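Enquirer: Okay, handing you the structure first.
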Amino acid sequence: MNVFRAALARDFWITGIAIARYMPRAFRVKQVDGNQFFTEEKRQEYRRRVESVTPNSQRQWGTMEVDQMLHHLNLACGGSQGFYDLPDESYLISRTLFKWILVDWYPEQPVGLRLPTGFKIPHSQRFEFAYEKSQLLKILEVDWNGRTKDAWKPHPMFGKMTPKEWGKLLQIHVDYHLRQFAA
């Protein structure tokens, strides 16, 4: 348990640094409307971008391989609809301050976030590319149709969120990782 606490504390501080480094940019970048995620235009855009990812897609930054990125997005997007049972890693500061900064205020995902830890994938763990890609498209379809408040599970770090908050978070998270692989 002490090792877990130490890792969480380290990740907490790395995340805090990433948030602080991004703050000046947050004032200049146009805000994202979470309701846009549910439009047909965004649905087609993200579907096209996911379909453009290939096993040979090269990362522009970070350490994940393309199959790991797809699995990571499956956990993030699928946890919102119950595809995966993700542990509650939330605590007071993540449900309040971090949620306000990262969901309500920031228009993009800052590089270097380390939370929640349940979304991390060991560098040696690999996944079947075609399955992960088709699973992501399937999960996104369910997410796109989840306009009612009851359709969404609590976020592992931010707790209960509205469909609009989920829409914004999914938009900026999926966009971040698709850009990571030039899609």
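Heads up: the sequence shown begins at 1 in UniProt numbering, then just goes up one per residue.
Backbone N, C-alpha and C define an ideal beta-carbon position, used for all residues, glycine too.
Quick caveat, the model's predicted, so the values are computed rather than measured.
Work out the CA separation of LYS168 and LEU102 for me, nearest whole Å.
Expert: By 1-based counting over the sequence shown, the position of residue 102 is 102. By 1-based counting over the sequence shown, the position of residue 168 is 168. So the two alpha carbons sit approximately 10 Å from each other.
Enquirer: Span of the alpha helix (DSSP H) holding GLN44?
Expert: Here residue 44 corresponds to residue number 44 of the sequence shown, with the count starting at 1. Taken as a continuous stretch (DSSP letters only), the alpha helix (DSSP H) holding GLN44 covers 40 to 52.
Enquirer: If distances are taken between C-alpha atoms only, which option among LYS164, PRO122 and ARG147 comes closest to MET69?
Expert: Taking the first residue of the sequence shown as position 1, residue 69 is located at position 69. Residue PRO122 is the option with its Cα nearest to MET69.
Enquirer: For the putative contact between LEU170 and VAL50, defined by C-beta atoms under 8 Å, what is the C-beta separation to the nearest angstrom?
Expert: Here residue 170 refers to the residue found at position 170 of the sequence shown. Here residue 50 refers to the residue found at position 50 of the sequence shown. Not a contact, Cβ separation roughly 12 Å.
Enquirer: Output the distance between the C-alpha atoms of GLN81 and GLY16, rounded to the nearest integer angstrom.
Expert: In the sequence shown, the residue the question calls residue 81 occupies position 81. In the sequence shown, the residue the question calls residue 16 occupies position 16. Cα-Cα distance, rounded: 28 Å.
Enquirer: So, at 6 Å on beta carbons, what are the nonlocal neighbours of SER90 in its own chain, with the 5 sequence-adjacent residues on each side left out?
Expert: Residue 90 sits at position 90 when you count from the first residue of the sequence shown. If we look at SER90 and ignore the five residues flanking it on each side, its Cβ neighbours are MET157 and GLY159.
Enquirer: Given a cut-off of 7 Å on the beta-carbon distance, is the pair ALA183 and SER52 in contact?
Expert: Here residue 183 corresponds to residue number 183 of the sequence shown, with the count starting at 1. Here residue 52 corresponds to residue number 52 of the sequence shown, with the count starting at 1. It is a contact, given that the beta carbons lie within the stated cut-off.
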